[in-house]
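A short write-up of the structure that comes next.
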Amino acid sequence: MTVPLDRHYSVELQVSAERVSQVRRIVAAHLRHWSLDLHVRPVCRALDELLTNVHRHVGDGDTCLLELRWTGRHVTASVADGSSRMPRLLPAGGGLSRVMALSDSWGTCRTTDGKVVWFTRYAEAPLPAGLLPNAPLPGVRTARRAPRVALV
């Protein structure tokens, strides 16, 4: 199977509680289109945490940029916002702890306009199941013959 080298989706949005659920459905559709059905739930849950953090700590009126990229081996999701306040991993758990548990790697990076929070997951394309003809069951041909009559 030939896998495209790079699939990409990005959207700029104003974060609100309603918008987070809409974006989750859009991301899930992209992952399914890319044949990454097994990664829909963990990626969407981790993105939900990142977008909820933007909603909670940056505010409703600000916009953020969500990017989703699949290279054929890894899915990377990032959320960039205009706040210079860097997220922290709290010892009691919570948002970033959940992102860390759902991903293979994650991080943050300051930008000139604010920050980016990202995570990656190993996500290789599934191998297609080959369609091979089934072998006939033993005894099928003999069952079609007329029964033998025993001579006594």
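Take 1 as the starting number for the sequence shown in UniProt numbering and just add one per residue. Where is the CB? At the ideal position from N, CA and C, for every residue including glycine.
Ranked by Cα distance from ASP104, the first of LEU51, ASP62, PRO42 and PRO126 is PRO42.
A direct Cα-to-Cα measurement between LEU31 and ASP37 gives close to 6 Å.
When Cβ pairs closer than 8 Å are counted between the two stretches, the segment 6-26 is seen not to touch the segment 87-94, the count staying below three. Annotated as proximal: VAL79 and LEU51, with beta-carbon spacing under 9 Å. Counting of Cβ neighbours within 10 angstroms places CYS109 among the exposed residues, the total staying below 16. Residues PRO87 and GLY95 of the same chain have their beta carbon placed closer than 7 Å to that of ASN53, with the five preceding and five following residues left out of the count. One thing to note: HIS39 has its Cβ within 9 Å of the Cβ of ARG121. By alpha-carbon distance to VAL99, the top candidate from LYS115, THR71, PHE119 and THR112 is PHE119. By DSSP's assignment, LEU65 forms a beta bridge with GLU12 and ALA80. Distances from the alpha-carbon of ALA101 to those of HIS33, GLN14, SER10 and ALA46 put ALA46 closest. The closest CA to that of THR111, considering only GLY82, ALA123, GLU124 and PRO126, is found on GLY82.
Straight-line spacing of the CA atoms in TRP34 and ALA28 works out to 10 Å. Sequence-distant partners of ARG69 (beyond 5 residues in either direction) whose C-beta falls short of 6 Å from its own C-beta, in its chain, are HIS8 and THR76.
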